[in-house]
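**Q** Which chain is which? The protein sequence lines are V and S, in order.
Heads up: the first sequence begins at 110 in the working numbering, then just goes up one per residue.
Heads up: the second sequence begins at 110 in the working numbering, then just goes up one per residue.
There are 2 protein chains.
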Amino acid sequence: MTDLKKLLTPLFLNENEIRKIIELMFFSYRDFTSGPDKVLEKINFGRAHHRVIYFVKKSNNLTIKELLSILQITKQSLSRVLNQLVKEGYIVLSTGEDKRTKKLSLSKKGEQLEKKLSEIQILKIYNVIKNFDENDINGFKKVLFQMVDIKNQKKFNEIN
Amino acid sequence: MTDLKKLLTPLFLNENEIRKIIELMFFSYRDFTSGPDKVLEKINFGRAHHRVIYFVKKSNNLTIKELLSILQITKQSLSRVLNQLVKEGYIVLSTGEDKRTKKLSLSKKGEQLEKKLSEIQILKIYNVIKNFDENDINGFKKVLFQMVDIKNQKKFNEIN
DNA sequence: ATAATTAAGTCAATATGACTGACCTAAAAA
DNA sequence: TTTTTAGGTCAGTCATATTGACTTAATTAT
Chain V
110 MTDLKKLLTP
120 LFLNENEIRK
130 IIELMFFSYR
140 DFTSGPDKVL
150 EKINFGRAHH
160 RVIYFVKKSN
170 NLTIKELLSI
180 LQITKQSLSR
190 VLNQLVKEGY
200 IVLSTGEDKR
210 TKKLSLSKKG
220 EQLEKKLSEI
230 QILKIYNVIK
240 NFDENDINGF
250 KKVLFQMVDI
260 KNQKKFNEIN
Chain S
110 MTDLKKLLTP
120 LFLNENEIRK
130 IIELMFFSYR
140 DFTSGPDKVL
150 EKINFGRAHH
160 RVIYFVKKSN
170 NLTIKELLSI
180 LQITKQSLSR
190 VLNQLVKEGY
200 IVLSTGEDKR
210 TKKLSLSKKG
220 EQLEKKLSEI
230 QILKIYNVIK
240 NFDENDINGF
250 KKVLFQMVDI
260 KNQKKFNEIN
């Protein structure tokens, strides 16, 4: 018996049960993103575009720096995606009070796309949780929140 | 008020609450995969290699076809990753009873890498769920399972 | 007033993970 | 004997992300 198994033995959640959670994380995330992915593909965008639109919708007048800190990608990576979104009129840039900064907001076109994409995920979640009681849903949310690194839990709380 | 908002109004889980779940799915999955990703990077492998190793460990003597149906990628995509794993001695191929098929299994080297990678995620989950009661964990597992598409829920049940 | 830091942008090269389409071989099933 | 299945391969493409080096303009600190 490995050290890890020994550690887990006293729990009703043994290694096999935890491995099921690993698999559910993989399958659920894949199926969760597949809906928007199909819509994005038609307009030659990818998942990264959805994420940008999503967080700009969430926090209006977000700066580039703030967006980068949420997405945790390099500015070179963001650059390509953001430039496309601006060029094609989904996102509008304006200069902040600090004139070094730029503030991002959605155009009408951007709002429409954001709604179209996020509605797929919102409805998917709605259709799942409508069949559960409050305790189960709270358990889900609490555990999922703890799966996030502490640093990012703070970030989550900041934007919520 | 949009149609979607109307639909959600009677629930204690309104659109904003559901959007928090969307964000938690994103943050938790990212943080969940970051640990193994760092280890894989050192040996010039990626997340795809981990997935192959993971499911070969899980279902010994898996065929290529079965693996493709779990991963839901094309054989051309799998090809590069699998060939690397075989070439570098992590995965061993053998011919099945049906001589068209190939059976995949882990070498000792493969077992070691699988353990190293999966232990990171197992311990992460262990450290989360040890602080929750059985009801919360069951809520988490039940809801997460329903987030998986029905077709893939069946696949999950087949391998578990 | 000057120096240092910060926010943003850009160029270039590279890696990973995925795709489509076309085509092939060998074995099993119809 | 024909058809289907399992697996493999070549070629081209795309999306996401990285590192590293460098620039500009604005704000802060000394």
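For every residue, glycine included, the Cβ atom is placed at its ideal position computed from N, Cα and C.
Predicted model only: the values in this text are computed from it and were never measured.
Starting from residue 229/V, trace the alpha helix (DSSP H) both ways and give me its first and last residue.
**A** Its alpha helix (DSSP H) spans residues 217-238.
**Q** If you measure from the beta carbon of residue 221/V to each beta carbon in chain S, is any gap under 8 Å?
**A** no
**Q** Rounded to whole angstroms, what's the CA-CA distance from residue 221/S to residue 214/S? Just pull it up for me.
**A** 13 Å
**Q** If I follow the unbroken beta strand (DSSP E) through residue 202/V, where does it start and stop?
**A** 200-204
**Q** Kindly list the residues whose CB is nearer than 8 Å to the CB of residue 216/V, restricted to its own chain and excluding five residues on each side of it in sequence; keep chain order.
**A** Excluding residues within five positions, the ones whose Cβ falls inside 8 Å are 198, 199, 200 and 201.
**Q** Beta-carbon separation of residue 321/S and residue 249/V under 8 Å?
**A** Residue 321/S is absent from the model: chain S starts at 110 and stops at 269.
**Q** Using a cut-off of 7 Å between C-beta atoms, extract the partners of residue 269/S located in chain V.
**A** What residue 269/S touches in chain V: 129.
**Q** List, in chain order, every chain V residue whose beta-carbon is nearer than 9 Å to that of residue 280/S.
**A** Summary: the structure shown does not reach residue 280/S, with chain S confined to residues 110 through 269, and so no result is reported for it.
**Q** Under 8 Å, Cβ to Cβ, is there at least one residue of chain V near residue 253/S?
**A** yes
**Q** Between residue 257/S and residue 140/V, how many whole angstroms is the CB-CB distance? I'm expecting something under 8 Å.
**A** The Cβ separation is near 5 Å, so the contact holds.
**Q** Beta-carbon separation of residue 165/S and residue 225/S under 8 Å?
**A** no
**Q** Could you tell me the alpha carbon to alpha carbon distance between residue 192/S and residue 124/S, rounded to whole angstroms?
**A** 45 Å
**Q** Going along chain V in order, which residues have a C-beta closer than 7 Å to the C-beta of residue 137/S?
**A** 253, 256 and 257
**Q** With a threshold of 8 Å between beta carbons, is residue 248/V in contact with chain S?
**A** yes
**Q** With a CB to CB cut of under 7 Å and the five nearest residues on each side skipped, what residues in its chain are close to residue 261/S?
**A** Correct list: empty, nothing qualifies.
**Q** Put residue 210/S into one of helix, strand or coil per three-state DSSP.
**A** coil
**Q** Residue 191/V by DSSP, collapsed to three states: which one?
**A** Residue state, collapsed to three classes: helix.
**Q** Could you tell me which residues DSSP puts in a beta bridge with residue 142/S?
**A** DSSP, once it has assigned bridges, lists no residue as partnering residue 142/S.
**Q** Between 230/S, 190/S, 223/S and 252/S, which has its C-alpha nearest residue 153/S's C-alpha?
**A** Comparing alpha-carbon positions, the option among 230/S, 190/S, 223/S and 252/S lying closest to residue 153/S turns out to be 190/S.
**Q** Flag residue 122/S as yes if its beta-carbon sits less than 8 Å from any beta-carbon of chain V, otherwise no.
**A** yes
**Q** Would you say residue 196/V and residue 203/V are within 8 Å of each other, going by their C-beta atoms?
**A** no
**Q** Could you pull out every residue in the same chain whose Cβ sits closer than 7 Å to the Cβ of residue 163/V, ignoring the five residues on either side in sequence?
**A** 223 and 227
**Q** At 7 Å on the CB atoms, spell out the chain V contacts of residue 170/S, in chain order.
**A** Result: empty, since nearest Cβ-Cβ is about 18 Å, beyond 7 Å.
**Q** Based on the DSSP secondary-structure assignment, which residues constitute the bridge partners of residue 171/S?
**A** Answer is 213/S, bridged to residue 171/S.
**Q** Quick one: using the 10 Å Cβ neighbour count with 16 as the cut-off for buried, is residue 268/S buried or exposed?
**A** exposed
**Q** Quick one: which chain S residues come within Cβ less than 9 Å of residue 154/V?
**A** None at all; the shortest Cβ gap to chain S is about 17 Å.
**Q** Buried or exposed, going by whether 16 or more other CB atoms sit within 10 Å of the CB of residue 245/V?
**A** Flag for residue 245/V reads buried.
**Q** Out of 207/V, 236/V and 194/V, state which residue places its alpha-carbon closest to the alpha-carbon of residue 271/V.
**A** Given a span of 110 to 269 for chain V in the structure shown, any question on residue 271/V remains unanswerable.
**Q** Which value, in whole angstroms, describes the spacing of the CA atoms of residue 138/S and residue 178/V?
**A** 17 Å
**Q** Just the C-alpha distance for residue 157/S and residue 208/V, rounded to the nearest angstrom, thanks.
**A** 43 Å
**Q** May I ask you to report which of helix, strand or coil DSSP gives residue 136/S?
**A** helix
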